[in-house]
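A.B. asks: Attaching a single structure in structure tokens format; questions to follow.
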Amino acid sequence: MVSPAQKKQAVAYVFGHGFCSERRACRYLGVPRSTFRYPVKLPQPHQVQLHQRIVALSRHYPRYGYRRIRAVLEREGWSVSRKQVQRIRRKEGLKVRPKPQRIPRQGISTGLPTQATHRNHVWTWDFIFDRTDKGSTLKMLTMLDEYTRQCLAIRVERQIRSGQVLATLWQAMMTYGIPEHIRSDNGSEFIAQKIQEWLKESQIKTLYIDPGSPWQNGYIESFHSRFRDECLNREWLLNLREARVVIEDWRQYYNIERPHSRLGYLSPEGFIANQNVSL
């Protein structure tokens, strides 16, 4: 954006070098002739010092806006209005630049999008949160076999780090076997370098869903809906220890007894047993 002072300078240049008359120069550049002819008043020494101080502070504190710069000036003993600071900063082209948009990290899928066709073909995992009766946060890592709908683990903690995620996966593998693929979102725990390297060494292919697309991990989302409706919303969890007991009891019930509509109203373990008989 061109300032009035810059327009006057342009008129003076065009007219002074004889390119056209003063009247035409003013008309072409949108400057009233009265404005062009108005004598420029020289600023007072203290105004020059204030101007220089505002510029210096703005460059020293590039994340400060005009209100904060004014507060610093008043602390130093200057008498200045917000509009004056704003005007000088605008004239000098000084403004707070918008923060660069942070691009979230994404995991690198090592397998192609896959629909589970047999047991241990695709596992999926995710986090779900709740609170105890006293308001303490509960963070739960859930793990599911997409084909059998079997809940392989629900780890309940205050916080869960990538090392605990690996430990839970290892324990599930020792109990249920090794999956060919594992599906997840791009949560920091799942895209951690340690986990990606461990999965690669274990020859487990990763399937990371697109950011902001929970429907791509629909099996675990559906499970979370049932888990919250049938367990978390029905129980008063007094503390972490009680939460672990109650949730593990529900997990066992879910796997052994609860009829699942997608499994022909068999429980996950009933479905597995039926598959084994068919084989």
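In terms of the UniProt record's numbering, the sequence shown is residues 1 to 279.
Think of the CB as a built atom: it goes at the ideal place given N, C-alpha and C, for glycine as much as any other residue.
Bear in mind that the values here come from a model prediction, so they are computed numbers and not experimental data.
Residues bridged to Ala153 by DSSP?
C.D. replies: Beta-bridge pairing links Ala153 to Met143.
A.B. asks: Given a cut-off of 8 Å, decide if His181 and Tyr147 are closer than it, judged by their beta-carbon atoms.
C.D. replies: For Tyr147 and His181, no; Cβs fall outside 8 Å.
A.B. asks: Check the C-beta distance from Ile220 over to Thr142 and give it rounded, since I have them as a contact under 8 Å.
C.D. replies: Contact holds; Cβ gap of about 6 Å.
A.B. asks: Among the residues of its own chain, which have a CB less than 8 Å from the CB of Asn217, if the five just before and after it don't count?
C.D. replies: If we look at Asn217 and ignore the five residues flanking it on each side, its Cβ neighbours are Thr124, Asp126, Arg183, Ser184, Asp185, Ile209.
A.B. asks: Mind reading off the beta-carbon distance from Arg70 to Val85? Whole number of angstroms is fine, and I expect it under 8 Å.
C.D. replies: Yes, they are in contact, since the Cβ atoms of Arg70 and Val85 sit about 5 Å apart, within 8 Å.
A.B. asks: Am I right that Phe255 and Pro268 are in contact with their C-beta atoms under 8 Å? What's the rounded C-beta distance?
C.D. replies: In the sequence as presented, Phe is not what sits at residue 255; that position holds Asn. Contact holds; Cβ gap of about 5 Å.
A.B. asks: Check whether the segment 230 to 244 and the segment 165 to 181 are in contact - that is, three or more C-beta pairs closer than 8 Å.
C.D. replies: Result no; under three Cβ-Cβ pairs closer than 8 Å.
A.B. asks: May I have the straight-line CA-CA distance separating Leu279 from Ala273, to the nearest angstrom?
C.D. replies: Only weak support is given to the placement of Leu279: the predicted model assigns it a pLDDT of 45, under 50, and the value that follows is read from those uncertain coordinates. Rounded to whole angstroms, Leu279 to Ala273 spans 10 Å at the Cα level.
A.B. asks: Please state whether DSSP places Arg59 in a helix, a strand or coil.
C.D. replies: The answer is helix: DSSP assigns Arg59 an H, G or I state.
A.B. asks: In whole angstroms, give me the CA-to-CA distance for Ile128 and Thr175.
C.D. replies: When rounded, the distance between both Cα atoms is 23 Å.
A.B. asks: Return the residue from the list Thr132, Ala25, Lys83 that minimises the CA-CA distance to Gly65.
C.D. replies: It is Lys83 whose Cα lies nearest to the Cα of Gly65.
A.B. asks: According to the neighbour-count rule (16 or more other Cβ atoms, all chains shown, within 10 Å of its Cβ), is His224 buried or exposed?
C.D. replies: Looking at its Cβ environment, which holds 16 or more other Cβ atoms inside 10 Å, His224 is buried.
A.B. asks: By the 10 Å Cβ neighbour count, where 16 or more other Cβ atoms means buried, how is Ser222 classified, buried or exposed?
C.D. replies: By the neighbour-count rule (16 or more Cβ atoms within 10 Å), Ser222 is not buried but exposed.
A.B. asks: Between the alpha carbons of Pro211 and Ala56, how many angstroms are there, rounded?
C.D. replies: Cα-Cα distance, rounded: 42 Å.
A.B. asks: Tell me the rounded alpha-carbon separation between Thr132 and Val72.
C.D. replies: Distance between the alpha carbons of Thr132 and Val72 is about 46 Å.
A.B. asks: When DSSP builds the beta bridges, which residues end up paired with Trp236?
C.D. replies: DSSP output for Trp236 lists no bridge partner at all.
A.B. asks: Could you check what DSSP says for residue 283 in three-state terms: helix, strand or coil?
C.D. replies: There is simply no residue 283 to check, as the chain begins at 1 and stops at 279 in what is shown.
A.B. asks: Taking the beta strand (DSSP E) that Thr124 falls in, what are its first and last residues?
C.D. replies: First-last of the beta strand (DSSP E) with Thr124: 122 to 131.
A.B. asks: Skipping 5 residues on each side, what residues in its chain have a beta carbon closer than 8 Å to that of Leu152?
C.D. replies: Answer for Leu152: Trp123, Met143, Leu144, Asp145, Ala172, Thr175, Tyr176, listed in chain order.
A.B. asks: Rounded to the nearest angstrom, what separates Leu138 and Asp249 at their Cα positions?
C.D. replies: Cα to Cα, Leu138 sits roughly 17 Å from Asp249.
A.B. asks: I need the DSSP call for Arg183, collapsed to helix, strand or coil.
C.D. replies: Strand at Arg183.
A.B. asks: Put His260 into one of helix, strand or coil per three-state DSSP.
C.D. replies: His260: strand per DSSP, three-state reduction.
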